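618 is the number that this note's numbering gives to position 27 of the sequence shown; each next residue is one higher, with no gaps.
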Amino acid sequence: MPLRNRYYLSDASAEADDASKHRIDEQRNNAAWIKPLWILPRAWCVTTSMQAKGVPSHKTAAFVKLHLARLMPFVDCGVYACRSGDWVHLWFWENQRVREFCASNALDFESLHLAPESVCFPKQKEAAVLHQCLQGVEAQLWHQGLLLDSAWWPEMITAATWQAWRPSAAAASGTRAAFASWPESLPSMLPQLTPRDVVSSTNLAEPWAYNLLGKKWWHVLKEIRSDKLFLLAAGGILAWGSYLAAQWWVVQERQQLVEMKIDLLSPKVEPLNLARSKALESQQWVSKLTALRSQDNVQELLANLQPVLQEQEAAIREFEYLDGEVRLMLVPINTELNLVTLTQELEALPQLSNIRLLPDSDGRLTRFSVKMVRLGKPNEIKVLGQKQDIDKTIKTPGIAVERSGKREKGE
């Protein structure tokens, strides 16, 4: 079954019979996905060959373009070039003639996919064959699946003509002529069927070589019929949309599953989170309390308070410190506290000043607010038992709690 509809370009001419034109019009509107391949008759083409031995395959197109200017026989020239072994075969035709033909037969020249008749004959392994073309006959010489040489005559040739062509073909083929076998006698001609049988004919096939100077692989989309291309695009968009929708539903389902697992684990995790929060708060409180007690002035104050507390049989219930201001909560050990005597002894301590008894104090629970006096000269501060100048000391923020309204408590 043919992969592509193939038509001779001349079948669309006004001189073609009604059957040919009806067949083409009918095939244009069929369900084929690919646009037809229009075959240029061999009579419209001029062919030549050039040797490309030593030229890499991927540089063949550049090699052909390098010699194309001197080889083209027409000013406005169409080219079909293909490589066969160490040789590059080229077919040229006059684009102006094809444009005029398309204009007179309502064809779009720019969208036509053209190929010469010679490359549409079946590929041979080892053979010297004679093909009946749409106009005239063509001889082709094949060796090891490679086309060595070809020739065209407008009419059926004789044995003498065949013998005359053989030496020229051998000379053109060079060293490979020794490996190829030319028959002495004229080979049997492979008949070409009538135009109405072209589609089902085994004498025409897909081009056995692609055009080196033709369309690139991404231009294949241009060969697909517009209505079929629209269907392909719509199908692709629909398939992609379906895929995205399916993925969305999968994600939603997994998200719901994860949320259910979280809801099931939340009662078990919540006590751990609360315990962790309390542990962090306790750790922060202990760290701040340790930093507070490590200060020299606070250690000295606690040491001086110890004899007073022993004499008054009292104990520190709460100790709050913020920016030099201290709040003490004292409780009695055995009996009630003597507020007057306790106040006097606190006033006797050189580290404290501005001692105030807070209103909510009584004999069982006494609260004091005092100021700590900074010892030493005004221009000196005490750091780890050493005196240093204030101007030479880097002022660092206090270790006490920031002014957030909350006071740290300790014993």
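Cβ atoms here follow ideal geometry from the backbone N, Cα and C, with glycine treated the same way. Here the structure is a predicted model, which is why all the values come from computation and not from measurement.
Segment limits, beta strand (DSSP E) that includes residue i
i	result
Ser944	943-948
Lys962	957-963
Gln723	718-723
Pro923	916-923
Ser741	737-744
Leu628	628-631
Under the three-state DSSP convention, the category residue i falls into
i	result
Pro707	strand
Glu971	Confidence in Glu971 is poor, its pLDDT being 39 and thus under 50, which makes the residue's placement unreliable; the coordinate value appears in the next sentence. Residue state, collapsed to three classes: strand.
Gln897	helix
Tyr598	strand
Asp854	helix
Phe554	No statement about residue 554 is possible, as the shown extent of the chain runs from 592 to 1002 and does not include it.
Ala906	strand
Thr638	strand
Val646	coil
Glu911	strand
Leu835	helix
Glu729	strand
Gln715	coil
Ser791	A caution first: Ser791 carries a pLDDT of 35, below 50, which makes its placement in the model too unreliable to give a value.
Thr926	coil
Trp876	helix
Ser952	coil
Gly826	helix
Trp756	helix
Leu803	coil
Glu797	coil
Leu871	helix
Leu777	coil
Leu848	helix
Leu698	coil
Nearest-angstrom beta carbon gap, residue j and residue i [assumed within contact, 8 Å]
i	j	result
Leu631	Glu708	6 Å
Ala719	Leu732	5 Å
Met1004	Glu936	The structure shown does not extend to residue 1004, since the chain spans only 592 to 1002, so no value can be given for it.
Leu795	Arg633	Leu795 to Arg633, Cβ: 12 Å. No contact.
Val655	Ala672	5 Å
With 16 other Cβ atoms within 10 Å as the buried cut-off, status of residue i
i	result
Ile748	buried
His658	exposed
Ser642	According to the sequence displayed, residue 642 carries Gln and not Ser. Looking at its Cβ environment, which holds fewer than 16 other Cβ atoms inside 10 Å, Gln642 is exposed.
Thr932	exposed
Phe959	buried
Thr957	buried
Pro786	At Pro786 the pLDDT is 35, less than 50, meaning the model places this residue with poor confidence and gives no usable figure here.
Tyr599	buried
Which residues DSSP lists as bridging residue i, in chain order
i	result
Thr749	In DSSP, Thr749 forms no bridge with anything.
Arg674	Val679
His734	Leu737
For residue i, the first and last residue of its enclosing alpha helix (DSSP H)
i	result
Gln687	686-695
Ala939	930-939
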